[in-house]
Each structure stands twice: as structure tokens, then as C-alpha cells.
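Colleague: The structure is given below, and queries will be raised subsequently.
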Amino acid sequence: MFFKCSMISMKLVKTSLLIVLIWAGATACGGIKDLEFVRIADVTLGQMGFTKSTVKMNIAYYNPNGFALKMKDAAFDIFIDDAKVGHSMQDTLLYIPARDTFYFPVKIDLNMANLMKNAANILANKEVTLKAMGNCKVGKSGVFVPFPIKVESKQKFDLF
Numbered sequence: 415m416f417f418k419c420s421m422i423s424m425k426l427v428k429t430s431l432l433i434v435l436i437w438a439g440a441t442a443c444g445g446i447k448d449l450e451f452v453r454i455a456d457v458t459l460g461q462m463g464f465t466k467s468t469v470k471m472n473i474a475y476y477n478p479n480g481f482a483l484k485m486k487d488a489a490f491d492i493f494i495d496d497a498k499v500g501h502s503m504q505d506t507l508l509y510i511p512a513r514d515t516f517y518f519p520v521k522i523d524l525n526m527a528n529l530m531k532n533a534a535n536i537l538a539n540k541e542v543t544l545k546a547m548g549n550c551k552v553g554k555s556g557v558f559v560p561f562p563i564k565v566e567s568k569q570k571f572d573l574f
């Protein structure tokens, strides 16, 4: 009889502990504030071609959260004035410090056909809208959750 009560008590303790851990994990991840776009830096041209070209840059973001995060598996599309011109996939693990600015290294594969198709509109405007839309995984302590990438920025474009 003692053994049976002890087994029931142990199951109750394990179940209670599991519920507390799930609740703690859910509330910790639920409070993640959006990362704030700061600026684009260090733009360099990589491989140039008629069908595909490569651009590398660092994108500065600010983490307003009071805790550090990690990001992985970022995949997003690049748009100029709502026309898709490129794609980027980043599979490296990136450390994001708490309440600090960090740089996200990005390599973008540009679709030259789409870029050339929209070149007249891009050159005719003094300002273009750059957009990045996709997903990544953000987390801490080995627990990662899907997180949307939605960045939009107006950029002045003066050729002359």
C-alpha cells in the first residue's frame, strides 16, 4: 500500500513539474519584443552575372529585450518597390546580445532578370521601398520558435 501511494505521489510530482516547466517556457518565449531595424552597413558586390548576382551586407538591429537571444535558419525574400528581386538563406547561429545593437551578416542572391525588368522604375524614382519578408527561428537555452522577418525601409536613390 505504501509503495502504491508513493508511486502516485511521484507521478503527481512529475506531472506538476512538467506543467511548471512548460508554463515557464511559454511565458519566457511569449515576451519576446520585436528586433528594431537600425541601418544597412558594409554593402559589397560579390559575384556579378547576367542571370544571378550576389550582394553582401551587414544589417544592424537593436534587441530591446532584457535577455540575449540566438537566431538561426533565416530565409527571406527581398523586394524593391514590391517587385521580388532576390532571396537570402542564412543557416549560421547568430548570438543576439541583450539591449544592444548587433550586426546580421547577409548574402543576397539577386535575380538579375527581375532586377532589370524593374530597373526603369527604380531609376525613375528618387526614393525606393526596400522590403525583406520571410522567417527565422529565435530562441534561448536551446528552445527555438518561428519568428517572422518583416522589414521595410525607404531609401533615397540619387544617381545624379
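My numbering runs 414 ahead of the 1-based position in the sequence shown.
The C-beta atom is built at its ideal place from N, Cα and C for all residues, glycine as well.
Keep in mind it's a predicted model, so treat the numbers as computed, not measured.
1. Identify every residue that forms a DSSP beta bridge with residue 498.
2. What is the rounded straight-line gap between the Cα of residue 559 and the Cα of residue 448?
3. Among the candidates 529, 557, 508, 485, whose CA atom is the shortest distance from the CA of residue 495?
4. Looking at the strands, I want to know which residues DSSP matches up with residue 560.
5. Quick one: Cα of residue 467 to Cα of residue 527, how far?
6. Who does residue 455 pair with in a DSSP beta bridge?
7. Would you report the Cα separation of residue 580 and residue 481, rounded to the nearest angstrom?
8. What residues in its chain sit with their C-beta under 6 Å from that of residue 565, if we drop five residues either side in the sequence?
9. Could you tell me which of 544, 569, 446 sits nearest to residue 485, measuring between CA atoms?
10. Specify, as a first and last residue, the run of the alpha helix (DSSP H) that residue 531 falls within.
Modeller: In short:
1. 493
2. 13 Å
3. 529
4. 551
5. 10 Å
6. 472
7. This structure gives no information on residue 580, because the portion of the chain shown stretches from 415 to 574.
8. 451, 546
9. 446
10. 526-531
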